[in-house]
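**Q** Numbering (this note's numbering), first residue to last: 2 to 116. Using N, Cα and C, we set each Cβ at its ideal position, and we do this for glycine too. Here it is, the structure, as structure tokens.
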Amino acid sequence: MRKSYKNSVSLLVAIMLLPALAQAKDLPTNLEPLEDIPPPSISAEENADEPVITIIKKENETIEEYRVGGQLYMLKITPNHGVPYYMHREDQEGAWINDGPNPPLSVPKWTIFRF
Numbered sequence: 002m003r004k005s006y007k008n009s010v011s012l013l014v015a016i017m018l019l020p021a022l023a024q025a026k027d028l029p030t031n032l033e034p035l036e037d038i039p040p041p042s043i044s045a046e047e048n049a050d051e052p053v054i055t056i057i058k059k060e061n062e063t064i065e066e067y068r069v070g071g072q073l074y075m076l077k078i079t080p081n082h083g084v085p086y087y088m089h090r091e092d093q094e095g096a097w098i099n100d101g102p103n104p105p106l107s108v109p110k111w112t113i114f115r116f
């Protein structure tokens with residue numbers, strides 16, 4: 002029983018390798034290597050997702066402004082003596098929200114129609 006299993010497995014593997022051996026024989030002998038492909042260039046559009054950070058230092062705090070596409074979307078305020086906190090907007094026209102240790106519940110506010 003065990004011997005027939007080994008024979009059938011080896012026969013199956015040999016049958017599966019036959020097409021690969023047939024293709025290997027058909028390769029032409031005058032092949033030339035391809036030239037190296039230059040690496041892709043990085044365009045300005047690919048870096049557009051990274052925020053531009055502006056740091057403003059005041060007497061008692063440091064403010065970091067995060068902008069994407071010239072639009073201010075988040076502030077990180079670090080007091081000289083205290084824990085830093087973040088402020089962001091839920092939508093573009095909304096008020097700034099403090100994103101502290103217990104952030105408020107963020108409810109989805111999709112704009113479907115605008116008049």
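1. Quick one: what's got a C-beta closer than 7 angstroms to I64's C-beta in the same chain, skipping five residues either side?
2. What is the DSSP secondary structure of L32, reduced to helix, strand or coil?
3. Using only the alpha-carbon positions, how far apart do E36 and I54 sit?
4. Rounded to whole angstroms, what's the CA-CA distance from K110 to Q93? Just pull it up for me.
5. Just to confirm my understanding: we take N99, look at its own chain, exclude 5 residues before and 5 after, and list those with CB closer than 7 angstroms. What are they?
**A** With the structure as the only source:
1. Your numbering for residue 64 matches position 63 in the sequence shown. These residues qualify, in order along the chain: I57, L76, I78.
2. Mapped onto the sequence shown, residue 32 falls at position 31. Note: L32 maps to coil in three-state DSSP.
3. As a working mapping, residue 36 is identified with position 35 in the sequence shown. As a working mapping, residue 54 is identified with position 53 in the sequence shown. E36 and I54: Cα-Cα distance of roughly 41 angstroms.
4. For the purposes of this step, residue 110 is taken as residue 109 along the sequence shown, with counting starting at 1. For the purposes of this step, residue 93 is taken as residue 92 along the sequence shown, with counting starting at 1. Whole-angstrom Cα-Cα distance: 11 angstroms.
5. Along the sequence shown, read from residue 1 onward, the residue named residue 99 stands at position 98. Once the five neighbours on either side are set aside, the close Cβ partners of N99 are Y86, M88.
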